[in-house]
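Novice:
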Amino acid sequence: MDSFVFLFFYFATVAFIFGACVGSFLNVCIYRIPREESVVAPRSHCPHCNTMIVWHDNIPLLSYLWLGGRCRHCHEKISPRYFLVEALTASLFLLVWLRYGFDVRTPVYWMIMGGLILGTFVDFDHMIIPDRVSIGGIIAGLILSPLLPALHGETTWLGGLLAALKGLLAGGGILWLVGVLGKLIFRKDAMGFGDVKLLGGLGALLGWRSVLFTIMGSSILGSVIGILMILGRKKEWQSRVPYGPYLALAAVIWILWGADWWGPFLRWLAGG
179 MDSFVFLFFY
189 FATVAFIFGA
199 CVGSFLNVCI
209 YRIPREESVV
219 APRSHCPHCN
229 TMIVWHDNIP
239 LLSYLWLGGR
249 CRHCHEKISP
259 RYFLVEALTA
269 SLFLLVWLRY
279 GFDVRTPVYW
289 MIMGGLILGT
299 FVDFDHMIIP
309 DRVSIGGIIA
319 GLILSPLLPA
329 LHGETTWLGG
339 LLAALKGLLA
349 GGGILWLVGV
359 LGKLIFRKDA
369 MGFGDVKLLG
379 GLGALLGWRS
389 VLFTIMGSSI
399 LGSVIGILMI
409 LGRKKEWQSR
419 VPYGPYLALA
429 AVIWILWGAD
439 WWGPFLRWLA
449 GG
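The sequence shown begins at 179 in my numbering and counts up by one.
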């Protein structure tokens with residue numbers, strides 16, 4: 179029993195640290211990808227004085243706390259977002275591990291979590307979802323689903339591939355139709371194509387059931403948060419708010435608890 183407890187905490191710690199390291203890399207991607215810069219070179223540097231950051235000042239989570247959120251050289255304040263992204267990624271990686279453990283789906287869900295975090299923060303800043311996230315998710319879903327049919331609860335490569343195609347068509351098709359109808363009704367773009375591709379990628383990786391849940395969940399989340407922001411005078415009624423982060427949050431909920439909530443969700447849709 180003691181060995182089991184030790185191993186449980188050991189692997190949980192490994193998952194958390196690994197997530198923090200991935201989050202550190204995601205910070206680089208969030209800043210550089212929209213600017214069409216390489217995510218490999220040059221090395222990490224201070225955004226204010228451009229001084230290269232030495233390894234001991236670039237330890238995920240710890241270095242930010244040790245330096246008080248400031249550059250060692252110019253002492254300018256570093257955005258707390260860097261710490262937030264690392265902590266968020268580490269926490270989600272840990273939750274996936276606690277939910278699935280040694281499961282073939284675990285590394286795939288980690289990959290999805292990383293992509294969703296990247297897409298969310300880029301969408302906040304630039305109102306776009308990088309193709310590396312959306313189209314990358316579609317390609318990954320079509321490749322991984324036949325290799326790992328368990329992603330869709332299937333047992334054969336063909337079943338996995340067909341499930342991915344159904345999810346892709348459901349995700350991309352539904353939001354594309356919403357966008358077309360919204361443009362006809364409101365005479366302006368009601369849905370960004372990046373959101374369409376993102377949901378298509380999620381459908382290819384997670385299946386058509388996740389698409390229905392994510393659309394409904396993101397709509398509810400967006401409505402509630404949007405109203406709260408308006409009441410708090412953070413937004414006007416006509417303000418443009420990115421939809422991608424709500425899709426991402428709903429997809430995270432699906433990955434962590436969707437299997438348990440699917441039955442109640444269907445009963446809720448049916449008014450039961």
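Virtual Cβ for every residue (Gly too), placed ideally from N, Cα, C.
Owing to the predicted nature of the structure, the values given are computational and were not obtained by experimental measurement.
1. Got a sec, what are the start and stop residues for the alpha helix (DSSP H) Leu296 sits in?
2. Counting C-beta neighbours from all protein chains within 10 Å, is the total for Val286 16 or more, i.e. buried, or is it exposed?
3. Which class does His251 belong to by DSSP, given the choice of helix, strand or coil?
4. Only counting runs of 3 or more residues, tell me where the beta strand (DSSP E) segments fall wholly within the stretch 212-268, in order along the chain.
5. Please state if the CB of Gly404 and the CB of Leu377 are separated by a distance shorter than 8 Å.
6. Give me the Cα-Cα distance between Ile408 and Tyr421, rounded to the nearest whole angstrom.
7. Three or more C-beta pairs under 8 Å: does that hold for the stretch 225-236 against the stretch 382-401?
8. Do we get a CB-CB distance below 8 Å when we pair Thr334 with the residues of chain C?
9. Count the other CB atoms, across all protein chains shown, that sit within 10 Å of the CB of Leu346; report buried if there are 16 or more and exposed otherwise.
10. Given that a residue counts as buried once 16 or more other Cβ atoms are within 10 Å of its Cβ, and exposed if not, what is Tyr188?
11. Just mark Ile307 as buried or exposed, buried being the case when its beta carbon has 16 or more other beta carbons within 10 Å.
12. Taking Val430 as the reference, which of Met289, His226, Leu359 and Cys224 has the closest Cα?
13. Could you say which of Trp446, Met230, Phe261 and Thr229 lies nearest to Trp244 if we only look at CA atoms?
14. When DSSP labels each residue in this structure, what does Leu355 get in the three-state scheme?
15. Just the Cα atoms here: how many angstroms apart are Phe184 and Ser401?
16. Using only alpha-carbon positions, find the residue among His251, Gly379 and Leu273 that is nearest to Ala198.
17. How far does the alpha helix (DSSP H) with Pro324 in it extend, from its first residue to its last?
18. Comparing alpha-carbon positions, which option in Ile231, Tyr209 and Val263 lies nearest His460?
19. Three-state secondary structure (DSSP) at Tyr421?
20. Going by DSSP in three states, Ala429 sits in which element: helix, strand or coil?
21. Grab me the residues of Pro324's own chain with a C-beta within less than 6 Å of its C-beta, minus the 5 sequence neighbours each way, in chain order.
22. Quick one: Cα of Trp415 to Cα of Leu380, how far?
23. What first and last residue would you give for the alpha helix (DSSP H) that runs through Leu185?
24. Using the Cα positions of Leu329 and Pro442, report the straight-line distance between them to the nearest angstrom.
25. Quick check on DSSP: helix, strand or coil for Phe371?
26. In the DSSP assignment, find the unbroken alpha helix (DSSP H) run with Leu329 in it and report its ends.
27. Any idea what DSSP makes of Gly404, helix, strand or coil?
Specialist: Considering the structure as presented:
1. Arg283 to His304
2. buried
3. coil
4. none
5. no
6. 16 Å
7. no
8. Absent from the structure is chain C; it holds one protein chain and no more.
9. By the Cβ-count criterion, Leu346 is buried, with 16 or more other Cβ atoms from all chains shown falling within 10 Å of its own Cβ.
10. exposed
11. So Ile307 ends up on the buried side.
12. Met289
13. Ranking the options by Cα distance to Trp244, first place goes to Phe261.
14. helix
15. Near 43 Å, if we compare the C-alpha coordinates of Ser401 and Phe184.
16. Leu273
17. Asp309 to Leu325
18. As shown, the chain starts at 179 and ends at 450. That puts residue 460 outside it, with no answer to give.
19. coil
20. helix
21. A distance below 6 Å between beta-carbons, with the five flanking residues on each side excluded, links Pro324 to the following residues of its chain, in chain order: Trp335, Gly338 and Leu339.
22. Confidence at Trp415 is low in this model, with a pLDDT of 49, below 50, so the placement of that residue is unreliable and no value is reported for it.
23. Asp180 to Arg210
24. 21 Å
25. Phe371 sits in a helix when the DSSP states are folded into three classes.
26. From DSSP, Leu329 is part of no alpha helix (DSSP H); its letter is neither H nor E.
27. Gly404: helix per DSSP, three-state reduction.
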